Every structure is written in C-alpha cells, then in structure tokens.
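Peer 1: To start, I am sharing the structure in question, which I have written as structure tokens.
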Amino acid sequence: MPTADALLDVIGGFGAREDRIRHIRRLPARAARTAPWPAEVHPEVRRVFEEAGMPQLWSHQAQAAGHAFGGRHTVIATGTASGKSAGFLLPSLSSIMRGLDAPDGRGATVLYLAPTKALAADQLSALEGLRLRGLRAARLDGDASQEDREWIRKHANYVLTNPDILHSSVLPGHARWSALLRRCTHVIVDECHHYRGMFGSHVALVLRRLLRLLGHYGATPVVLGASATIAEPAESFSRLIGADCEAVTEDGSPRPAGAFVLWEPPQLPGLGEHGAPARRGVIGEAASALTDLICAGARSIAFVRSRGGAEAIADMTRRLLADVDADLTPRVAAYRGGYLPEERRLVEEALRSGRLLGVASTNALELGIDISGLDTVIIGGWPGTRASLWQQAGRAGRGGGRAADGEWAAVLIARDDPLDTYLVHHPGAIFDAPVEACVFDPGNPHVQAGHLLAAAEELPLTEEAIASFGPHARILVDTLTERGFLRRRPAGWFWTKRERASALTSIRSSGGTIRLVESDTGTLIGTVDEAAAHAQAHAGAVYVHQGRTYLVDELDLDGKAALLTRGYPDFTTQARNVTDIRIARTEWTRRWDSGVSLHFGAVEVSDQVVSFQRRQLVSNQLLSEEPLELPARELLTRAVWWTLPEHVLETAGIDAADVPGAVHAAEHAAIGILPLFATCDRWDIGGVSTARHADTGQATIFIYDGHPGGAGFAEHGAGHAPQWLQATAEAIEACECVSGCPSCVQSPKCGNGNEPLDKDAALALLRTMLSGHRLPPPQQ
Ligand SMILES: [Zn+2]
Ligand SMILES: [Zn+2]
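Going by my numbering, the sequence shown opens with residue 33, and the numbers climb by one from there.
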C-alpha cells in the first residue's frame, strides 16, 4: 500500500514535472469517533445495518438520527464517504417498519429527493441491498411508466424522486397521490448543496409547495438534508425548506493521512487570442499523471468537466501506456453520464478489485459514484466549489471504513483562467478558508410568481400560505390578481386559467428554451436557453452539443428552434455583442476610503448579438467577421457597480486613453473570481465596463446577475466586495504572462473579442481602489 510520499514522487514524474507543483498540503489522519445506536432505531433496521457491515455508528450518524427521532428538521454536512445516508435512513426506515403494523401495511411513507437520476439509482440499489423486509422502495422519475406510477401510488413506502417530478406531476395532481402524501413521515433532500442559483431558488419554492400540501393532508414530516460541507449549513438548509433546522457538522468517520498538490501547467507561447500564451490543457496534464500512476500500480480517478474530456483522457492514457507496456492498456476506462447503473456497477467493481487502475470521469458524476478507497484523485480544473473539491478528493484514502490505513494523494490541475490561477497560488483560499455559502434567492419575484400561481392551482392561497413564500410574496399576489391570473374569493386566491399553472414555469432554466433540430432528419437533439441561443446558436455558428459538432443553418426565434447540420468545420465562431446597462434603482451605496463608491441595485441590461467572427481552429487566425440581425434582449436584474472618480484614475497613473482597457480587464478578472465567494459559474454573471457611463457620469464597472431578477450572486459579491477585489488583484499579479492571457484578464465569453484589455493598468486600478481598506490578513 503506497504512502503519500511515494504517490507524490509518481505525480511529480520523479522530478520531471516538479516545476508544475505550486504547493503541497499535508492533511493529517482523522481518528474515528463512535456512538451507541439510538434506542428508537427499529430492531430490524439495526439488524440489517449490522449485517451490512456496520457494527457501530459514527458519532455524526447517531447525532443526526437522534435529532430526527426528536422530530427536528436536520441537515448533515460531513465529508464524502462518511456514511451520511445512515443518518437519514435509520429514522426514516424505522418509521416505515413501525408503519407496517397499520391495517393496510403502509402507515408511513418517505419521500427522497435527489438532484440526479444517477444518485437516485445508486440509493435505490443500496436500499435493495439492505434486504429489509416490508420495505417497498421505487423510483419515480421521468422514465416511470403509468403502471409504475400506479404501483407507487398504491404500494410504495419509500419513493425516490426529484424536484422536477414534484413540480410537474405530483404537486399539480396531488389528489391522486394523497394516500402516499397523507402518511409521509420524512422528506429527505440528498446532496442539497446542489440546489443553488436559479435552480436552488426554484427548488426552495417547490419544497414550500410540497410542505404546504403535506400539511393539508395532515402529515407533519421531518425534513432531513445531506450536504457536502458548505458554509452555514443550518442557515442555508433552513432557507431551502422554509423552516428552522439543526445542523450536524462534526465528522466522526476516520480518514487516513494524505497530501494535496496544487499544480499549474506550463504556459506555451502564442496559442491564445492576440498572440497571448496559453497553458497546456488539463486533459494532457491529467493523462500524463494518470499514465505514471497506473504504471506504478496506484488506483486513481481523474475528474474533468465534460464527457468528451473524460473520453479524451482515457484515450490519451491508453496511447501513452501502449508505449510503455501494452498489457496495461485495458486497465484504464472512461466513466461518464449516460451509462446504465449496471454498467457503472461494473466499472466500480473493476476499480475496487484492481482489474482497472485508472478511470477518467466527468465531475457531473461525483454525486452518483460509489467509489472510495482510491490511492489518488486527479481533479482537472477547479470544480467550482470547495464542496465539490472535497467531494472528489474524498474518493481517495483507503480504509474500508473502519481503520485508517491507506494514505492518499490528490492533485488539482489549474485550468487557464483567473480563478484557477488565483487558487493554485493561494492555497489558503482552498485549505484554510471557510467553505463557500450556497447562494440562492427564493425571494426573486421572477421565480416566485410561477410558483405562487402553481400553488394557487393546487389549493387556494391563504394569507398564511402566502406568508410562507416570504415577505414580498403578498405584493406579488396582488399584482398577479390585477393581471387576471388569480382571483380572490373568501377561501383565498384561486388560479383562473384553463392551462396548468405549473406548465408555465421551468425549474431548470430561467427563460424560454430553443429546440435544437437536425435539418435533414427533423430529429430533436436537445435544447438550449434562449439567452444562450443568441450567442451560441445563431445562423452560421459552430455549435457543439454533447461532444458533437454542428453548423447552425438557421435560428428561428418565433418558432423557438435552431436548425443544425452535422459537420466538421476547421474553424470556430465567436459572437460579438453590444451590451447596454441602465441603472433602474440604487438600493445602497458605500464610499470607500480610496474615493471610489460601491453600489448595489436593480439594472436593465440590453444585450444584442450583432456579428460573429470565424477563426481557424488551430491557429485561432481571424478568417472573417459577419453581421447578424438579432433583436436586443432586455433583462431586468440586479447588479453591483463601482464608480471611479477622475482623481482615483489619476492616482492609479492611468491616462484617459488607457481607462477603457483598465476597467475592461478589471471587470473580466473580477467576473472570473466571483465564484470563489458565491457558488456560481462565471457564465451565470455578466459585466459591462465603460470609461464614462451615462447614468453615473464616471468610469464605471458593472457586474450583474445573468438571470431575470437576479439569483443572489451580485448581492453576495457586493457583501464581500473588498475581499473579492483583493483576490482579483492577486490573481492578475500571480499570472506570469506579459500583457494578459486567459489565466488573468482574457475572458472566453467576451462579446468584444477581448479588446481593449490593459493588464498592468487593471492591477494598478484595483490596488488604488482598495487602498485604505483594512482587509483580513492574507491566508497563505
Ligand atoms: Zn495572464
Ligand atoms: Zn469583455
């Protein structure tokens, strides 16, 4: 069994790749803490758990179960593979067992919600593996047939489902589900940190609708959540479910000692836009390391963002292995979404038995994987949050659950962007900082309106029900009534239309969707958000869908469809847009010591895609620029902005001619860094910077939420603005390029072709803006 040091030698290529290593963090072993079985656990439930190899409980499992038995809503936020599910299974299965004595054998039911199908499938097979007599578990998702549904309504006592099905099917048709709902004793929200941003706001409102209906049928369920480590788990879970809860955060499971490596690939000259250097990609880097680990006999998994990336790592590793020892080539595989549970079981089993030594996986699968006890985890690019990072790294460390004996190593390979650059140069921001908050805003009126209408259709809305949606819901109900969607009667507010209210709201996207249709065959190959379609699926665009390349023939906005033809073009396309921003309302302003002012409020963004560029695939050489005629899109959202008076620009030594490049570069880098503070993606936010803005009369940098009404990201950024800008300045400073590259100030989504950008002026500007600000000491 390798030690962490031996693994580090292999990862570093025995010196050959040492120049990439920016930091090594040693993580000490964690000792086990056990606790007695709570007396309330049903003897049959205890027996099956003991037989499954759990003679005793870790302290967090017992603590969570104890809260649940006491009737308290609870969230368990402990590490990967710490056995969180026992915390919610012991109380919920005990309640099902006691319910078997009811006249019809179904005195208690449990609703389990998973964010992905893969996770629900895994949970179901784990439940079936327990062989608990009387447990009737079933999956209710989009694939369930009419007969399945019928059986679930009549017989199931443990239903594994998802928020989408609740929203579109169970809640609108609740009367048919009443036998199940009436007996519900536990609602389980697994991997609840997944519910963030706009999706999180929607799910929070779906849960309010669910809990209201359960109450209507006389059920008073305990709501249990499981989450990776997040900041303030009790607060965010309470916000998600709309009720107070307990949090269990002390992990009692053991973990062996390990080492975490931060890794920055070398810069290769001239590959980027405007001749900028670009870093070697994570795929090549991960394949090199994986090859050496396999040769050394270490069991490893490499996580990357895309399916194509996972396949490419597996292919490349196979080719590298063939040069060393052809016998090793079958010992690496790709593992990605779209596999059936049985296929995934086979890969998992092969990895456990050692027949497979290396697996390349999409990080979308991090939730549904039942793999732990590996020697090494390679993480190709910052996975978005510390929660995800630890979730992935937690797959390493052999111990079989009971004894901490197998040391492990994990590697984070930086992608070519400002956030990854910052993180590999600031290990404190990964290892010593509190985990990020799970940001979502159930109060967003754009999200709330649809759920209030759906709730009114389910049951008349009473004043009390409206209050449970939040403080501003009442005003919204009045507006919806004025517009004729709702009618007030003595029993409450009613839905007035014929169509289904829930059909008006899609909980996975914020606006309309465009269908992607193959021109020749009329086959529907997928959908894309209308907002993204303008920039990515305009006529003439090269569109990549699930790893396949298409050329867009036509974008029909009225027909909500884009027509595509499969192709293999040797060029890429990049849309150019014109964005205009107007301040609708300033909610607050703070003047900083440096003289700049920070503002937060509502803005109107008008965005028009006006042309696109075709560039040669390999050289990135500009081939042509072609105009487009697309309507402007209007977005009412929330933003944070800084106004920069003349004297600040002077102090920073920025000439009038350099102001546009300075504010633009600072805006790009700040957008790239915001996900460090709020759990968002850089694609969830947008920016506008200008040397003189019509509403402020000054140089201004705006950063706005890219979704109608805002998802809370800009607000969260505003609340942490000094730390955010500090990290932005440090990311720019840490980058070794001369005049800007994707690792610092270039943006992959710039509508202006990354021009003008002035890296040095941006850094000087940020430093000047922050001068006089007392920040917490840097974490290193
Ligand atoms: Zn750079
Ligand atoms: Zn830009």
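All C-beta atoms, glycine included, are put in the ideal place defined by N, C-alpha and C. Every value quoted in this text rests on a predicted model; they were computed, and no experiment measured them.
For G413, does the three-state DSSP call read helix, strand or coil?
Peer 2: By 1-based counting over the sequence shown, the position of residue 413 is 381. It is coil, neither helix nor strand.
Peer 1: Evaluate the contact criterion for the stretch 316-324 versus the stretch 350-362: three or more CB pairs, one atom per stretch, below 8 Å.
Peer 2: Yes, the stretch 316-324 is in contact with the stretch 350-362.
Peer 1: For ligand 1, I want to know if S775 counts as a neighbour, meaning its beta carbon is within less than 7 Å of at least one of the ligand's heavy atoms.
Peer 2: Start at 1 with the first residue of the sequence shown, and residue 775 comes out as number 743. Because some heavy atom of ligand 1 lies under 7 Å away, the Cβ of S775 counts as near it: yes.
Peer 1: Near ligand 2, which residues have their beta-carbon closer than 6 Å to a heavy atom?
Peer 2: H696, H700, S779, C782, N784
Peer 1: Count the other C-beta atoms from every protein chain shown that fall within 10 angstroms of the C-beta of G307, then say buried if there are 16 or more, exposed otherwise.
Peer 2: Here residue 307 corresponds to residue number 275 of the sequence shown, with the count starting at 1. That one is exposed.
Peer 1: Could you pull out every residue in the same chain whose Cβ sits closer than 6 Å to the Cβ of F463, ignoring the five residues on either side in sequence?
Peer 2: Position 431 of the sequence shown, counted from the start, is the residue given in the question as residue 463. Excluding residues within five positions, the ones whose Cβ falls inside 6 Å are R57.
Peer 1: Taking buried to mean at least 16 other C-beta atoms within 10 Å of its own C-beta, is W527 buried or exposed?
Peer 2: Working through the sequence shown from its first residue, we reach residue 527 at position 495. Buried: at least 16 other Cβ atoms inside 10 Å.
Peer 1: Pick helix, strand or coil for E490, following the three-state DSSP scheme.
Peer 2: What you label residue 490 is simply residue 458 of the sequence shown in a count that begins at 1. Residue state, collapsed to three classes: helix.
Peer 1: With hydrogens ignored, establish whether the beta-carbon of C767 is closer than 7 Å to any heavy atom of ligand 1.
Peer 2: Here residue 767 refers to the residue found at position 735 when the sequence shown is read from its first residue. Result yes, Cβ under 7 Å from ligand 1.
Peer 1: CB-CB under 8 Å to G804, same chain, minus the five flanking residues each way: which ones, in chain order?
Peer 2: Along the sequence shown, one-based indexing puts residue 804 at 772. These residues qualify, in order along the chain: W624, D625, S626.
Peer 1: Is the Cβ of A308 closer than 8 Å to any Cβ of chain C?
Peer 2: Of the protein chains in the structure, only one exists, and it is not chain C.
Peer 1: Run through the stretch 443-522 for me and flag every whole beta strand (DSSP E) of 3 or more residues, listed as ranges in chain order.
Peer 2: 518-521
Peer 1: Check for me: the beta strand (DSSP E) holding G751 runs from which residue to which?
Peer 2: Position 719 of the sequence shown holds residue 751. Careful: G751 lies outside any beta strand (DSSP E), inside the alpha helix (DSSP H) at 745-751.
Peer 1: Bridge partners for Y144 per DSSP, in chain order?
Peer 2: Start at 1 with the first residue of the sequence shown, and residue 144 comes out as number 112. Bridge pairing for Y144: L192, I220 [DSSP].
Peer 1: Can you give the beta carbon distance from V107 to A266, rounded, assuming they're within the 8 Å contact cut?
Peer 2: The count along the sequence shown starts at 1 and reaches residue 107 at position 75. The count along the sequence shown starts at 1 and reaches residue 266 at position 234. Contact holds; Cβ gap of about 7 Å.
Peer 1: Classify Q4 as helix, strand or coil using the three-state DSSP reduction.
Peer 2: Outside the shown range of the chain, which is 33 to 812, sits residue 4, and nothing can be said about it.
Peer 1: Taking C-beta to C-beta, are L518 and S551 nearer than 8 Å?
Peer 2: As a working note, residue 518 is residue 486 in the sequence shown. As a working note, residue 551 is residue 519 in the sequence shown. The answer is no: Cβ separation not under 8 Å.
Peer 1: Within 10 Å of its beta-carbon, does R622 have 16 or more other beta-carbons around it, so buried, or fewer, so exposed?
Peer 2: The count along the sequence shown starts at 1 and reaches residue 622 at position 590. Classification for R622: exposed.
Peer 1: Helix, strand or coil for D355, going by three-state DSSP, please let me know.
Peer 2: Counting from one through the sequence shown, the residue named residue 355 turns up at place 323. If DSSP states are grouped into helix, strand and coil, D355 belongs with the helices.
Peer 1: Since A743 and G229 are thought to touch, with beta carbons under 8 Å apart, how far apart are those beta carbons, to the nearest angstrom?
Peer 2: Here the question's residue 743 lines up with position 711 in the sequence shown. Here the question's residue 229 lines up with position 197 in the sequence shown. With a Cβ gap of about 5 Å, A743 and G229 count as contacting.
Peer 1: Which residues in the same chain have their Cβ closer than 6 Å to the Cβ of A750, if we skip the five residues on either side of it in sequence?
Peer 2: The residue labelled residue 750 in the question sits at position 718 within the sequence shown. F632, V672.
Peer 1: When you compare each of G290, G115, C216 to G284 by their alpha carbons, which one comes out closest?
Peer 2: Counting from 1 along the sequence shown, the entry for residue 284 is found at position 252. Answer by Cα proximity: G115.
Peer 1: Measuring only the C-alpha atoms, how far is C767 from D448?
Peer 2: Here residue 767 refers to the residue found at position 735 when the sequence shown is read from its first residue. Here residue 448 refers to the residue found at position 416 when the sequence shown is read from its first residue. Cα to Cα, C767 sits roughly 10 Å from D448.
Peer 1: Tell whether a beta-carbon distance below 8 Å holds between A701 and P298.
Peer 2: Indexing the sequence shown from 1 puts residue 701 at position 669. Indexing the sequence shown from 1 puts residue 298 at position 266. With respect to P298, A701 sits apart: the two C-beta atoms are not nearer than 8 Å.
Peer 1: Hey, T408 and L39: beta-carbon distance below 8 Å or not?
Peer 2: Translated into the one-based positions of the sequence shown, residue 408 becomes position 376. Translated into the one-based positions of the sequence shown, residue 39 becomes position 7. Against a cut-off of 8 Å, the Cβ pair of L39 and T408 comes out as a contact.
Peer 1: Which same chain residues, not among the five before or five after E586, have their C-beta less than 6 Å away from its C-beta?
Peer 2: As a working mapping, residue 586 is identified with position 554 in the sequence shown. If we look at E586 and ignore the five residues flanking it on each side, its Cβ neighbours are A571, L595.
Peer 1: Ordered along the chain, which non-local residues of its own chain (more than five positions away) have a Cβ less than 6 Å from that of G98?
Peer 2: Counting from one through the sequence shown, the residue named residue 98 turns up at place 66. Only P70 meet the Cβ criterion.
Peer 1: Over the uninterrupted beta strand (DSSP E) stretch that includes I262, give me the two end residues.
Peer 2: Here residue 262 refers to the residue found at position 230 of the sequence shown. Note, I262: premise wrong, no beta strand (DSSP E); not H, not E.
Peer 1: What number of angstroms, rounded off, separates the C-alpha of P34 from the C-alpha of R363?
Peer 2: For the purposes of this step, residue 34 is identified with residue 2 of the sequence shown, where counting begins at 1. For the purposes of this step, residue 363 is identified with residue 331 of the sequence shown, where counting begins at 1. Answer to the nearest angstrom: the Cα atoms are 19 Å apart.
Peer 1: Determine the direct distance from the alpha carbon of I613 to that of F501, and round the result to whole angstroms.
Peer 2: Stepping through the sequence shown from its first residue, residue 501 is reached at position 469. Stepping through the sequence shown from its first residue, residue 613 is reached at position 581. The straight-line gap from Cα to Cα measures roughly 30 Å.
Peer 1: Does DSSP classify R168 as helix, strand or coil?
Peer 2: Here residue 168 is taken as the residue at index 136 of the sequence shown, counted from 1. Residue state, collapsed to three classes: coil.
Peer 1: Can you tell me the Cα-Cα spacing of E278 and L256, whole angstroms?
Peer 2: Mapped onto the sequence shown, residue 278 falls at position 246. Mapped onto the sequence shown, residue 256 falls at position 224. Straight-line Cα distance between these residues: approximately 9 Å.
Peer 1: Determine whether the beta carbon atoms of R174 and I197 lie at a separation below 8 Å.
Peer 2: As a first step, residue 174 must be located in the sequence shown, where it is residue number 142. As a first step, residue 197 must be located in the sequence shown, where it is residue number 165. The residue asked about is misnamed: residue 174 is Gly in this sequence, not Arg. In contact: G174 and I197 (Cβ atoms closer than 8 Å).
Peer 1: Compare the beta carbon distance of T453 and S775 with 8 Å and say whether it is the shorter of the two.
Peer 2: Your numbering for residue 453 matches position 421 in the sequence shown. Your numbering for residue 775 matches position 743 in the sequence shown. Cβ distance < 8 Å, so T453 and S775 count as in contact.
Peer 1: Run through the DSSP bridge pairs and tell me what W527 is partnered with.
Peer 2: If you number the sequence shown from 1, residue 527 lands on position 495. Under DSSP, W527 takes part in a beta bridge, and its partners are L518.
Peer 1: In chain order, which beta strand (DSSP E) runs of at least 3 residues are fully inside the stretch 61-101?
Peer 2: none
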